[in-house]
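Enquirer: Quick note on this note's numbering: the sequence shown kicks off at 1 and runs consecutively. All C-beta atoms, glycine included, are put in the ideal place defined by N, C-alpha and C. Remember, it's a predicted structure, so these values are computed and weren't measured experimentally.
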Amino acid sequence: MWLGPEEWQAVALSLKVAFWATTVSLPFGIVAAYALSRWEFAGKQVVNGLIHLPLILPPVVTGYLLLLTFGARGPIGGLLSQIGVTFAFQWTGAALAAAVMAFPLMVRAIRLSIDAVDLKLEQAAATLGASPLRVFATITLPLAVPGILTGAILAFAKAMGEFGATITFVSNIPGQTQTLPSAVYAFLQAPNGEGAAVRLVIISVVIAMGALVLSEVLAKRMARKVGGQ
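1) State the Cα-Cα distance for the pair L3 and Y64, rounded to the nearest angstrom.
2) Determine whether the beta carbon atoms of A211 and T150 lie at a separation below 8 Å.
3) On the DSSP letters alone, give me the boundaries of the alpha helix (DSSP H) that A99 sits inside.
4) Once DSSP output is grouped into helix, strand and coil, what is the label at E216?
5) Buried or exposed: I56, going by 16 or more other Cβ atoms within 10 Å of its Cβ?
6) Alpha carbon to alpha carbon, what distance is there between Y34 and L154?
7) Please confirm whether A116 has its beta-carbon closer than 8 Å to some beta-carbon of chain B.
8) Just reading off the alpha helix (DSSP H) that S171 is part of, what are its end residues?
Spelled out as structure tokens, the structure:
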């Protein structure tokens, strides 16, 4: 069960990619979930559909769209490359692909938590003179913490397991973009690589199950803490 250097490299890169994918996308996930839960605006269903589109599209299609958009010749990638920021065939691109694929799960968990916050509490705070930003920061956000934690952990687990969009967008370069799922795929294609693939599969299962259990435990603890207050 001892991992070789290439296997450790894939695990470490996956943890790095999943961490940054979750950390950077979390503020956007909170804002998107709050907007879908509390705001009414033209095109709301379109926005909701776009956010959840990665859940429906084949991951390879999502990866190709990312390549067209953030590649060196893409409308956004071309502009970013002029200031030295590149995503295609870089670990940062793997993080972007993982964030896009995990974003719907994060937003859904957070939105459900915000939906459960009693509107009367927010209205009471507003009646007492609190600004919308203060109501959000002092009422909505603390009460939605269980859902935020759950969404972040589920997004992390999803980012750890992302494969289709990642390999399409940033390829499978050892030490650069070869995440844990990509390494499993590569080992299965190589002679005598099944042993390494099995070891990485076991690690993937352990991390995924650990993330799910942790999300449940933290959500229940925070729910009890919030309920007690």
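Expert: The short version:
1) 32 Å
2) no
3) W91 to D115
4) helix
5) exposed
6) 18 Å
7) Absent here is chain B; the protein component of the structure consists of one chain.
8) Run containing S171: none; DSSP gives neither H nor E here.
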